[in-house]
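Chemist:
There are 2 protein chains.
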Amino acid sequence: MARTDAVFRNSFNGLIKICNKLKVNDKLDPESTLATKLDVSRTVIRSVLQAFVKLNIIKISGRTKTLIRMPNKNDLLTIQERTISLGQLETDFLNWLLHFDVPPNTILNVTKVSKQFSVAPHTLQEFFSGLSRFGLIERRAKGGWILRGFTKNFAIELSDFRVVLEINAIRHLIKLPENHPIWSQLGELKNKHNDLLRNIDQNFHDFSQLDELYHITINKIVKNRFVEEFQKIISLIFHYHYQWDKTEERSRNEAAIKEHIKTIEALLNKDEILAIDCAKKHLNTSKQTLLSSLITHNLG
Amino acid sequence: MARTDAVFRNSFNGLIKICNKLKVNDKLDPESTLATKLDVSRTVIRSVLQAFVKLNIIKISGRTKTLIRMPNKNDLLTIQERTISLGQLETDFLNWLLHFDVPPNTILNVTKVSKQFSVAPHTLQEFFSGLSRFGLIERRAKGGWILRGFTKNFAIELSDFRVVLEINAIRHLIKLPENHPIWSQLGELKNKHNDLLRNIDQNFHDFSQLDELYHITINKIVKNRFVEEFQKIISLIFHYHYQWDKTEERSRNEAAIKEHIKTIEALLNKDEILAIDCAKKHLNTSKQTLLSSLITHNLG
DNA sequence: TTGAATGTTTTTAATAATAAAATACAATAA
DNA sequence: TTATTGTATTTTATTATTAAAAACATTCAA
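The listed protein sequences correspond, in order, to chains A and B. With this note's numbering, the residue at position 226 of the first sequence is 226, and numbering never jumps. With this note's numbering, the residue at position 94 of the second sequence is 1094, and numbering never jumps.
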């Protein structure tokens, strides 16, 4: 079999659902209507209808399709759920890279990796091609792919780029009018930081999540597809490392919270110079954490 | 045939070249050495050697491979040159999009487009997947790809992003030490601008090239893989449009040259505020030109 | 004996072939 | 006419296949 008949099976079960809303002797909609309803081509609908005729669920004469018996559970076709979304693949793959300390210059075997993540080889190829735009992996001359990141240079360049994007976001943010929702959001964010700071001894683990929220709040101000694409990757990598590097976690997080609060206060006071200064300081701390965690894991 | 035997054919001709450096009765290098020399696997070398035996070019006995006749031109295998590089594909494809005013939301037919650019369908798929990271094209739910850009929003977001990157480059540039080559390069660049300005009536067409040089000179200061990836796309699109939009070209170019000169002078004086101001003004002009040329071509 | 070289087998990736689905076009009946 | 169905064509997703790479085993010469 060349293509899977997943679309057929889904449509088959979909038509059963539609029939279940009817009574025996009711007439079915025309092919094109059914096709639109199930968001597939008429070709598929026609195959499904033929299958229904064979199962004596419907009777076709001319242009009238009559339901002659209610379909039941036994009529349903089984569907193997093994297609994960491209977004999920991205998360899973990056998590795998980071979690298992896959070293740089590892040759990635498309066949094996595609099995591991239960996707078709060509889906993975497509995905790899996308990632290669970020310099994380590269095509090899003799075929296949090679993992380039996370090297020290990758981390440095990623951090630097992050600074560029986030400082830009801050410049935009500070110019927003008084009635923009961002200001109340920042107030709330500040409260959350203070709350965590009060219970830092018990809850210092929660900082990872708060850090992500902090950066998202600031960066979402810039509505730009290019920026957003990068933020996805940046956020994933930094967020993962925060969870990962456990050395001096408590004191590290406490310091970071204070940096956040300073930045938020500067933003609320619309002090651009100070806000940028504070943000840069925090981003630099973050960069050092990322670098040191790479060294701890013998990467880079 | 599943895979092409292009590697075999290239290695075959490669080995002929190697043999031509020998004399009759000379011995050939071991398989593994030949494999390294031609940068292919031993498997290929072995097939080529077998082919050479059949053609009575060499004689193999045990581990000695003796040249028994000089190979000639007739022995060479023909190689069909129709593989273009991935970089070339990128340039060709974007040029096609821009040159033929391919409208947004066009459904791209992988089979047809791959023939048009004479690449394998899966190569194109891979390439499309990469481009989709920039939001230029998208995967369709029912299969295939759809062209999203160049819409007005795409152009606006691209321009805005360009500003972020270039202003960042300027901030870095201005901090460079006196002995850095950039300062003499900027001096030269300024002279080129003045030269063109003196002969603007005759040579205003040459500005397109000068504009590209100007932006490259500034942006190359930032050594960052993410920035560089974007600059490739940005440069292609803006540069193309400059060549394209012929309305008021002379006066438009003259104004742009003056903006360039002002920026360069500010940079040479290390006046950061002024340089950023001038650069922003120029980038905004550039953005407006891009937008108006989109409207002229009924895109967006 | 040892290690470089060759022989053999297994694995992997690129492409052609193929079946499913989408689309386009033609015919028909209400 | 126009909505609907029938038929043909195009296109995509996946499988099967072949070339090439890589791994492993063996042999031979120093």
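In this text, a Cβ means the ideal position worked out from N, Cα and C, and glycines have one as well. Model, not experiment: these values are computed from the prediction.
(1) Since Arg69 of chain A contacts Gly1135 of chain B with CB under 8 Å, what's their CB separation in whole angstroms?
(2) Please list, in chain order, the residues of the region 103-136 of chain A that have any C-beta partner in chain B closer than 9 Å.
(3) Measure the alpha-carbon distance for Pro104 of chain A versus Asn95 of chain A and round it to whole angstroms.
(4) Just to confirm my understanding: we take Val1113 of chain B, look at its own chain, exclude 5 residues before and 5 after, and list those with CB closer than 7 Å. What are they?
(5) Counting only beta-carbon separations shorter than 8 Å, does Arg310 of chain A have a partner in chain B?
(6) Tell me the residue span of the alpha helix (DSSP H) that contains Leu1022 of chain B.
(7) Indicate the three-state DSSP secondary structure (helix, strand or coil) for Ser1118 of chain B in the structure shown.
(8) Taking the alpha-carbon positions, what's the Ser1027 of chain B to Asn1056 of chain B distance?
(9) For Gly1300 of chain B and Ala1051 of chain B, I'd like the C-alpha separation in whole angstroms.
(10) Quick one: Cα of Ile216 of chain A to Cα of Pro181 of chain A, how far?
(11) Report the three-state DSSP secondary structure of Thr1004 of chain B (helix, strand or coil).
(12) So Leu186 of chain A and Trp145 of chain A are supposed to be a Cβ contact under 8 Å. How far apart are they, rounded?
(13) Since Lys280 of chain A and Ile167 of chain A are thought to touch, with beta carbons under 8 Å apart, how far apart are those beta carbons, to the nearest angstrom?
(14) Could you give the DSSP three-state label for Thr78 of chain A: helix, strand or coil?
(15) State the Cα-Cα distance for the pair Val1048 of chain B and Phe150 of chain A, rounded to the nearest angstrom.
(16) Using a C-beta cutoff of 8 Å, does Phe161 of chain A count as contacting chain B?
(17) Are the CB atoms of Ile1058 of chain B and Leu1067 of chain B nearer to each other than 8 Å?
(18) Quick one: which residues of the region 224-254 of chain A get their C-beta closer than 8 Å to a C-beta of chain B? List them in chain order.
(19) Quick check on Asn168 of chain A - is its C-beta less than 8 Å from some C-beta in chain B?
(20) Any beta-carbon of chain A closer than 8 Å to the one on Val1048 of chain B?
(21) Along the chain, where does the alpha helix (DSSP H) that runs through Thr66 of chain A open and close?
(22) With H, G and I counted as helix, E and B as strand and the rest as coil, what does DSSP make of Leu1055 of chain B?
(23) Name the residue from B:Ala1255, B:Leu1283, B:Glu1031, B:Gln1202 whose alpha carbon lies nearest to the alpha carbon of Phe1238 of chain B.
(24) Just to confirm before moving on: does the CB-CB distance between Phe127 of chain A and Leu77 of chain A stay below 8 Å?
(25) Check distances from the C-beta atoms of the region 1265-1283 of chain B to those of chain A and list, in chain order, the residues that come in under 8 Å.
(26) Going by DSSP, which residues form a beta bridge with Arg974 of chain B?
(27) Indicate the three-state DSSP secondary structure (helix, strand or coil) for Leu108 of chain A in the structure shown.
(28) By the three-class DSSP mapping on this structure, what secondary structure does Ile1234 of chain B have?
(29) Are the Cβ atoms of Phe352 of chain A and Val1227 of chain B separated by less than 8 Å?
(30) To the nearest angstrom, how far is it from the Cα of His260 of chain A to the Cα of His193 of chain A?
(31) Quick check: is the beta carbon of Asn1219 of chain B nearer than 8 Å to any beta carbon in chain A?
(32) On the DSSP bridge assignment, give the partners of Ser1061 of chain B in chain order.
(33) Would His122 of chain A be called buried (16 or more neighbouring beta carbons within 10 Å of its own) or exposed?
(34) Assuming Glu1188 of chain B is part of the alpha helix (DSSP H), what are its boundary residues?
(35) Return the chain-ordered ranges of every beta strand (DSSP E) run that is complete within the region 211-270 of chain A and spans a minimum of 3 residues.
Modeler: By the coordinates alone:
(1) Translated into the one-based positions of the first sequence, residue 69 of chain A becomes position 69. Translated into the one-based positions of the second sequence, residue 1135 of chain B becomes position 135. Not quite, the Cβ-Cβ distance comes to about 49 Å (not below 8 Å), so this is no contact.
(2) His122, Gln125, Glu126, Phe127, Phe128, Ser129, Gly130, Leu131, Ser132, Arg133, Phe134, Gly135
(3) Numbered from 1 along the first sequence, position 104 holds the residue referred to as residue 104 of chain A. Numbered from 1 along the first sequence, position 95 holds the residue referred to as residue 95 of chain A. For Pro104 of chain A and Asn95 of chain A, the distance between alpha carbons rounds to 15 Å.
(4) Within the second sequence, residue 1113 of chain B is the residue found at index 113, counting from 1. So the list reads Leu1124, once near-sequence residues are dropped.
(5) With chain A running from 1 to 300 in the structure shown, residue 310 of chain A is simply not present.
(6) For the purposes of this step, residue 1022 of chain B is taken as residue 22 along the second sequence, with counting starting at 1. Neither: Leu1022 of chain B is in no alpha helix (DSSP H) and is coded neither H nor E.
(7) Translated into the one-based positions of the second sequence, residue 1118 of chain B becomes position 118. In the structure shown, Ser1118 of chain B sits in coil (DSSP, three-state: anything other than H, G, I, E or B).
(8) To locate residue 1027 of chain B, count along the second sequence from 1; it is residue 27. To locate residue 1056 of chain B, count along the second sequence from 1; it is residue 56. According to the sequence as given, residue 1027 of chain B is Lys; it is not Ser. Looking at the two C-alpha atoms, the distance is approximately 14 Å.
(9) For this step, residue 1300 of chain B is matched to residue 300 along the second sequence. For this step, residue 1051 of chain B is matched to residue 51 along the second sequence. Its pLDDT being 42, under 50, Gly1300 of chain B is placed unreliably in this model, and the value from its coordinates should be taken loosely. Going from the Cα of Gly1300 of chain B to the Cα of Ala1051 of chain B covers about 58 Å.
(10) In the first sequence, the residue the question calls residue 216 of chain A occupies position 216. In the first sequence, the residue the question calls residue 181 of chain A occupies position 181. Spanning the two alpha carbons is a distance of roughly 14 Å.
(11) Within the second sequence, the letter at position 4 stands for residue 1004 of chain B. Looking at Thr1004 of chain B - three-state DSSP - the assignment turns out to be coil, as it is neither helix nor strand.
(12) Counted from its first residue, the first sequence places residue 186 of chain A at position 186. Counted from its first residue, the first sequence places residue 145 of chain A at position 145. Between Trp145 of chain A and Leu186 of chain A the Cβ distance is about 42 Å, and since that is not below 8 Å, they are no contact.
(13) Within the first sequence, numbered from 1, the residue matching residue 280 of chain A stands at position 280. Within the first sequence, numbered from 1, the residue matching residue 167 of chain A stands at position 167. At roughly 7 Å, the Cβ-Cβ gap stays under 8 Å, so Lys280 of chain A and Ile167 of chain A are in contact.
(14) Stepping through the first sequence from its first residue, residue 78 of chain A is reached at position 78. The answer is coil: DSSP assigns Thr78 of chain A none of H, G, I, E or B.
(15) Residue mapping note: residue 1048 of chain B aligns to position 48 of the second sequence, counting from 1. Residue mapping note: residue 150 of chain A aligns to position 150 of the first sequence, counting from 1. One C-alpha to the other measures close to 40 Å.
(16) By one-based count along the first sequence, residue 161 of chain A stands at place 161. So, interface residue.
(17) The sequence position of residue 1058 of chain B within the second sequence is 58, counting from 1. The sequence position of residue 1067 of chain B within the second sequence is 67, counting from 1. Against a cut-off of 8 Å, the Cβ pair of Leu1067 of chain B and Ile1058 of chain B comes out as a contact.
(18) Result list: Asn224, Arg225, Phe226, Val227, Glu229, Phe230.
(19) Against the first sequence, residue 168 of chain A aligns to sequence position 168. Answer yes: the Cβ-Cβ gap between Asn168 of chain A and chain B drops below 8 Å somewhere.
(20) What you label residue 1048 of chain B is simply residue 48 of the second sequence in a count that begins at 1. Interface with chain A (8 Å Cβ-Cβ cutoff): Val1048 of chain B is excluded.
(21) Translated into the one-based positions of the first sequence, residue 66 of chain A becomes position 66. Unbroken run through Thr66 of chain A is the beta strand (DSSP E), 64-67; no alpha helix (DSSP H).
(22) For this step, residue 1055 of chain B is matched to residue 55 along the second sequence. In this structure, Leu1055 of chain B counts as coil in the three-state DSSP scheme.
(23) Numbered from its first residue, the second sequence carries residue 1238 of chain B at position 238. Ranking the options by Cα distance to Phe1238 of chain B, first place goes to B:Leu1283.
(24) Position 127 of the first sequence, counting from 1, holds the residue named residue 127 of chain A. Position 77 of the first sequence, counting from 1, holds the residue named residue 77 of chain A. For the 8 Å CB-CB criterion, Phe127 of chain A and Leu77 of chain A do not form a contact.
(25) none
(26) No answer is possible for residue 974 of chain B: the residues shown for chain B start at 1001 and end at 1300.
(27) Taking the first residue of the first sequence as position 1, residue 108 of chain A is located at position 108. The answer is strand: DSSP assigns Leu108 of chain A an E or B state.
(28) Position 234 of the second sequence, counted from the start, is the residue given in the question as residue 1234 of chain B. Ile1234 of chain B falls in the helix class under three-state DSSP.
(29) Since the first and last residues shown for chain A are 1 and 300, residue 352 of chain A lies out of range.
(30) In the first sequence, counting from the first residue as 1, residue 260 of chain A sits at position 260. In the first sequence, counting from the first residue as 1, residue 193 of chain A sits at position 193. Going by C-alpha positions, His260 of chain A is about 8 Å away from His193 of chain A.
(31) On the second sequence, residue 1219 of chain B is found 219 positions in, with the first residue counted as 1. With respect to chain A, the C-beta atom of Asn1219 of chain B has no partner C-beta closer than 8 Å.
(32) By 1-based counting over the second sequence, the position of residue 1061 of chain B is 61. In DSSP, Ser1061 of chain B forms a bridge with B:Thr1064.
(33) As a position in the first sequence, residue 122 of chain A is number 122, starting the count at 1. Exposed, by the Cβ-count rule.
(34) For the purposes of this step, residue 1188 of chain B is identified with residue 188 of the second sequence, where counting begins at 1. That run of the alpha helix (DSSP H) goes 1182-1198.
(35) With a minimum length of 3 residues, no continuous beta strand (DSSP E) run stays inside the region 211-270 of chain A.
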